[in-house]
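If you use my numbering, the sequence shown corresponds to residues -17 to 99, in order. Glycine residues also receive a C-beta, built at the ideal position from the N, C-alpha and C atoms. Notes to accompany the following structure.
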Amino acid sequence: MKNILIVDDSTVSRRILKNMFEAVGHTVVGEALNGKEGYDLYVKLSPDVVTMDITMPEMNGLDALKHIKEHDPDAKVIILSAAGQQEKKEEAQKLGATEFITKPYEKRTILEAVERC
Ligand SMILES: [Mg+2]
């Protein structure tokens, strides 16, 4: 079972993810509303896995990914992109994203991605 940090500016998205993870026994150790907060919480909490939205105020998910990977090259970051953001996939991979999943996602897709981390 994993300690997970959820980074997403949508309250609804965070709640859905949290319920999904906790239902199978993972622990959500933190929730951040933007990339800056996500990075700060990553440093503070050292979670096993991060789920990272892309479009967020203050600092977007790809910039947060970059900072997290600079801090911890072994960080496991799953990018959850909105529909129509496929062009971000290459950039995310270059920055070291563990997985790139496009919304709307199947529950199983994300749970399996977390298992692989
Ligand atoms: Mg968003």
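Kindly examine ligand 1 and report whether one of its heavy atoms sits closer than 7 Å to the Cβ of residue i.
i	result
methionine 38	yes
aspartate 102	With the chain running from -17 to 99 in the structure shown, residue 102 is simply not present.
serine 63	no
aspartate 22	no
aspartate 35	yes
serine 28	no
aspartate 104	Since the displayed the chain opens at -17 and closes at 99, residue 104 lies outside it and no answer follows.
Report back the beta-carbon spacing between residue i and residue j to the nearest angstrom; my notes put them in contact at under 8 Å.
i	j	result
asparagine -15	valine 11	5 Å
methionine 34	valine 59	5 Å
leucine -13	glycine 17	Incorrect: roughly 12 Å between the Cβ atoms, too far for contact.
lysine 89	methionine 2	6 Å
valine -11	alanine 14	4 Å
glutamate 73	leucine 27	No, glutamate 73 and leucine 27 are not in contact; Cβ-Cβ is about 25 Å, not under 8 Å.
lysine 70	isoleucine 36	6 Å
Output needed for residue i: all residues of its chain with C-beta closer than 7 Å, excluding positions within five of it in sequence on either side, in chain order.
i	result
valine 6	Leu93
proline 39	Asp(-9), Asn16
Tell me which residues share the same chain as residue i and place their Cβ nearer than 8 Å to its Cβ, disregarding the 5 neighbours each side in the sequence.
i	result
glutamate 4	Val10
isoleucine 83	Ile60, Ile61, Leu62, Ser63, Thr91, Ile92, Ala95
Which residues in the same chain have their Cβ closer than 6 Å to the Cβ of residue i, if we skip the five residues on either side of it in sequence?
i	result
serine -8	none
methionine -17	Gly7, His8
For the stretch 40 to 55 against the stretch 69 to 86, are there 3 or more C-beta pairs whose distance is under 8 Å?
yes
So within the stretch 24 to 67, which uninterrupted alpha helix (DSSP H) runs reach at least 4 residues, ignoring any that extend past its ends?
43 to 53
With a floor of 3 residues, list each beta strand (DSSP E) that falls wholly inside the stretch 64 to 89, ordered by position along the chain.
Qualifying beta strand (DSSP E) stretches, in chain order: 81 to 84.
In chain order, what are the residue ranges of uninterrupted alpha helix (DSSP H) at least 4 long that sit wholly in the stretch -12 to 14?
-7 to 5
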